[in-house]
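Q: In the working numbering, the protein residues as written are 226 to 504.
All residues carry an ideal CB built from backbone N, CA and C; glycine is no exception.
Here it is: the structure, laid out below.
See below:
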């Protein structure tokens with residue numbers, strides 16, 4: 226993973242083109258960036274443990290490992306699994322918010338209470354991208370791995386065609402993700418032995434999938450889309466409060482302050498439809 230310089234960090238293999246992004250993508254990048262930074266920091270600390278770090282006397286905890294290397298590697302596995310859970314939740318939140326858009330109404334109608342998180346992610350992504358894009362099964366694999374961590378009896382696994390897409394693109398993936406071999410990745414998934422390269426690469430694929438979906442949608446919110454997202458981000462009550470308590474001449478400025486603070490990527494769309502909301 227790339228060294229972090231702030232609270233957010235961009236993993237290797239991520240395309241960070243400077244293009245307009247949606248509000249859901251902005252939040253995804255923030256949350257995953259924070260998780261990556263925390264993981265990188267912890268990995269550095271565990272390397273120190275493995276190489277002779279001595280616990281300060283002032284640190285009032287019990288820590289007497291019999292084998293530093295084993296202790297550090299068990300802790301690293303725990304961290305990797307924890308980050309899997311965090312990133313899986315974040316990509317699901319991103320897709321859930323996207324699914325509220327009118328263009329995905331038909332997709333939503335096909336979902337039911339038993340539709341899995343991985344199925345929801347893959348169906349939304351396949352509506353925007355090539356259904357054989359390797360990023361889709363890459364993210365699905367991350368979600369399955371999370372399920373196996375959280376639910377020890379889980380048998381979640383890729384479908385044959387998803388596995389084949391990853392294997393078919395092994396050389397491309399290896400070139401783009403620092404030598405990652407998908408055959409080894411799938412073996413580590415089956416054995417429940419996550420490696421730092423595995424998880425960092427799947428995180429990068431998750432970010433790249435979200436960026437690619439965002440870019441290919443050429444997002445232009447209509448009023449129904451905007452209303453759905455304002456409701457999702459719990460902004461409607463705040464907007465109504467501004468309407469009730471603010472004079473008409475200060476309404477626009479008050480709304481701009483709110484959206485710049487809570488959902489800046491919705492501001493342009495809101496101003497476009499301001500006449501629908503303006504008191």
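According to DSSP, simplified to helix, strand and coil, what is residue 406?
A: coil
Q: How is residue 417 classed by DSSP in three states: helix, strand or coil?
A: coil
Q: Could I get the ranges of all uninterrupted alpha helix (DSSP H) runs contained in the segment 305–356, with 4 residues as the minimum, in chain order?
A: Taking only runs of at least 4 residues, the alpha helix (DSSP H) segments lying wholly in the segment 305–356 are 330–335, 342–353.
Q: Using a Cβ-Cβ cut-off of 7 Å (strictly less than) and excluding sequence neighbours within five positions of residue 267, which residues of its own chain qualify?
A: 304
Q: Assuming the contact rule is C-beta atoms closer than 8 Å, residue 197 and residue 269 should be a hit. Round their C-beta distance to whole Å, please.
A: Nothing in the structure corresponds to residue 197, since the chain is present only between 226 and 504.
Q: Is residue 431 helix, strand or coil when you go by DSSP?
A: Correct three-state label for residue 431: helix.
Q: Tell me the rounded alpha-carbon separation between residue 409 and residue 425.
A: 14 Å
Q: Considering Cα atoms alone, identify which of 449, 479, 344 is closest to residue 383.
A: 344
Q: Can you give me the C-alpha to C-alpha distance between residue 470 and residue 487, rounded to a whole angstrom?
A: 19 Å
Q: Just to confirm, are residue 411 and residue 388 a CB contact at a threshold of 8 Å?
A: yes
Q: Find the nearest neighbour of residue 353 within the set 340, 325, 439, judged by alpha-carbon distance.
A: Looking at the Cα atoms, 439 is the closest of the given residues.
Q: Classify residue 369 as buried or exposed, calling it buried when 16 or more other Cβ atoms lie within 10 Å of its own Cβ.
A: So residue 369 counts as buried.
Q: Please return the same chain residues whose Cβ sits closer than 7 Å to the Cβ of residue 260, not counting the five positions on each side in sequence.
A: 308, 311, 312
Q: Report all residues from its chain with a CB closer than 7 Å to the CB of residue 249; omit the five preceding and five following residues, and keep chain order.
A: 319, 322, 323
Q: Between the Cα of residue 420 and the Cα atoms of 293, 297, 301, 273, which residue gives the shortest distance?
A: When only C-alpha atoms are compared, the closest one is 301.
Q: Looking at C-alpha atoms only, which residue of 350, 468, 466 is the closest neighbour of residue 430?
A: Per the Cα distances, 350.
Q: In angstroms with no decimal places, state the Cα-to-Cα distance between residue 466 and residue 325.
A: 24 Å
Q: Here's the rule: buried if 16 or more other CB atoms are within 10 angstroms of the residue's CB, otherwise exposed. What is residue 284?
A: By the beta-carbon neighbour count (other beta carbons within 10 angstroms, threshold 16), residue 284 is exposed.
Q: Helix, strand or coil: which one does DSSP assign to residue 288?
A: coil
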